[in-house]
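Protein chains in written order, with numbering that gives the first Met the number 0: chain R, 0 to 140; chain Y, 0 to 136.
Cβ atoms here follow ideal geometry from the backbone N, Cα and C, with glycine treated the same way.
Notes to accompany the following structure.
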Amino acid sequence: MAAINLNTVRSTIEGRLATELALSPAIPVIFHNQPYVSTPNSSWVQCLVNFGANEYLTLGGTTGSSNSVIGIIAINIFTPKGAGPGANLTIGKRIRDLYNRVTVSGVYFDPPIGPEVVASPAPEGFFQTQVRMTFETFEDL
Amino acid sequence: MAFYRGQEGSVKFDDAGSTAAAITSTRSWSLTVEKESLDTTAMGDTYRANVGGLISGSGTVELLYTASSADETNAFIEMVNTANDAGAALFELYLYSTTKKITFDGVITSAEYSATVGEVQVITCSFVTNGTITMDV
Chain R
0 MAAINLNTVR
10 STIEGRLATE
20 LALSPAIPVI
30 FHNQPYVSTP
40 NSSWVQCLVN
50 FGANEYLTLG
60 GTTGSSNSVI
70 GIIAINIFTP
80 KGAGPGANLT
90 IGKRIRDLYN
100 RVTVSGVYFD
110 PPIGPEVVAS
120 PAPEGFFQTQ
130 VRMTFETFED
140 L
Chain Y
0 MAFYRGQEGS
10 VKFDDAGSTA
20 AAITSTRSWS
30 LTVEKESLDT
40 TAMGDTYRAN
50 VGGLISGSGT
60 VELLYTASSA
70 DETNAFIEMV
80 NTANDAGAAL
90 FELYLYSTTK
100 KITFDGVITS
110 AEYSATVGEV
120 QVITCSFVTN
130 GTITMDV
């Protein structure tokens, strides 16, 4: 056993979304710290993975013990402004179904929140919603 | 002055009562050692008198379910379902390191299995001691 590889967890989460959104109809997806210039009147998705609380699960020191690692995924969905919410919710459903109570490579995804409408889209010029969900994985030392 | 945190503790167990092995994924343990008191107050005494009587212990071990098999962790969580238990199972409860421990033979008297949505699965086993309790704490 070893300490958790954060990039492995991130790759599991991001890879799942990238694979789904590469399917038809394909939608551009960007991740943390990536440059992206959006095209007006287009649809695109931003996925932000954040690691949060780490908690003791079992007794023990640096070997033979386990921790819980919890994080949150925030996925922003951008669709053309002034065209109603339908296209946005269609993408939202694809994303929601992708993670809802799913377990992949030891990462447990909780039921998602949203898509919730974001009152002040960033960047402006789009209709924006957000899907959020917590996830948990276990670190065995 | 040294202090110790809970995660420095551990539990070892052997259902056969010989060589104890670590119980994996232990989340906590507790042991209460009690001594009965015998009233030796004589007629005419002003103050009550007591002497120590029989000593016994009881406690719990809380562990996470790991689906292990053919090891002492598995034996530990199934021991409550053993017929004709002679009370010879060896318990070693460690406070710190591999030497600061409380050792005794005992009987597992209950095991509570549970599954709750959104939480890791926890099993809580209760035990009572059988015979001598050796303290090296």
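Backbone CA spacing between ASN171 (chain R) and LEU20 (chain R) [nearest angstrom]: Any answer about residue 171 (chain R) is impossible in this case: the structure gives chain R only from 0 up to 140.
Positions along the region 2-34 of chain Y whose CB lies within less than 9 Å of some CB in chain R: GLY5, GLN6, GLU7, GLY8, SER9, VAL10, ALA21, THR23, SER24, THR25, ARG26, SER27 and TRP28
Cβ separation of LEU92 (chain Y) and VAL10 (chain Y), assumed to be a contact under 8 Å, to the nearest whole Å: 6 Å
Start and end residues, alpha helix (DSSP H) containing GLY91 (chain R): 85-98
Distance between TYR95 (chain Y) and MET0 (chain Y) (C-alpha atoms, nearest Å): 15 Å
In chain order, each beta strand (DSSP E) run of at least 3 residues that lies wholly inside the region 47-125 of chain Y: 49-63, 88-95 and 99-112
Contact set between LEU63 (chain Y) and chain R, taken where Cβ atoms lie within less than 7 Å: LEU56 and THR57
Chain-ordered neighbours of GLY117 (chain Y) on chain C, where CB pairs are closer than 7 Å: Included in the structure are the protein chains R and Y, with no chain C among them.
Length of the line joining the Cα atoms of ASN73 (chain Y) and GLY16 (chain Y): C-alpha separation (whole angstroms): 15 Å.
Distance between LEU97 (chain R) and TRP43 (chain R) (C-alpha atoms, nearest Å): 17 Å
Simplified DSSP state of SER10 (chain R), which is helix, strand or coil: helix
Residue from Y:LEU62, Y:ASP135 and Y:THR40 with nearest C-alpha to THR98 (chain Y): Looking at the Cα atoms, Y:ASP135 is the closest of the given residues.
Integer-rounded CB distance, given that ILE69 (chain R) should sit under 8 Å from ARG133 (chain R): Checking the sequence shown, residue 133 (chain R) turns out to be Thr, not Arg. Sure, about 6 Å apart at Cβ, within 8 Å.
Proximity winner among R:ILE72, R:PRO24 and R:ILE26, relative to ASP109 (chain R) (alpha-carbon distances): R:ILE72
N-terminal and C-terminal residue of the beta strand (DSSP E) that ARG131 (chain R) is part of: DSSP places ARG131 (chain R) inside the beta strand (DSSP E), whose first and last residues are 125-139.
THR102 (chain R) in three-state terms, based on DSSP: strand
Whole-Å CB distance - GLY86 (chain Y) paired with ASN129 (chain Y), under 8 Å assumed: 4 Å
Residue-level contact to chain Y via CB, SER64 (chain R), 8 Å cutoff: yes
Own chain, CB closer than 6 Å to THR57 (chain R), minus 5 neighbours either side, in chain order: SER64 and SER65
Per-residue DSSP class, three states only, for ARG15 (chain R): helix
Whole-angstrom distance between VAL117 (chain R) and GLY58 (chain Y), CA atom to CA atom: 52 Å
Span separating the alpha-carbon of ALA82 (chain Y) from that of THR131 (chain Y): Near 23 Å, if we compare the C-alpha coordinates of THR131 (chain Y) and ALA82 (chain Y).
Presumed contact (8 Å Cβ cut-off) between GLY113 (chain R) and GLN129 (chain R), rounded CB distance: 5 Å
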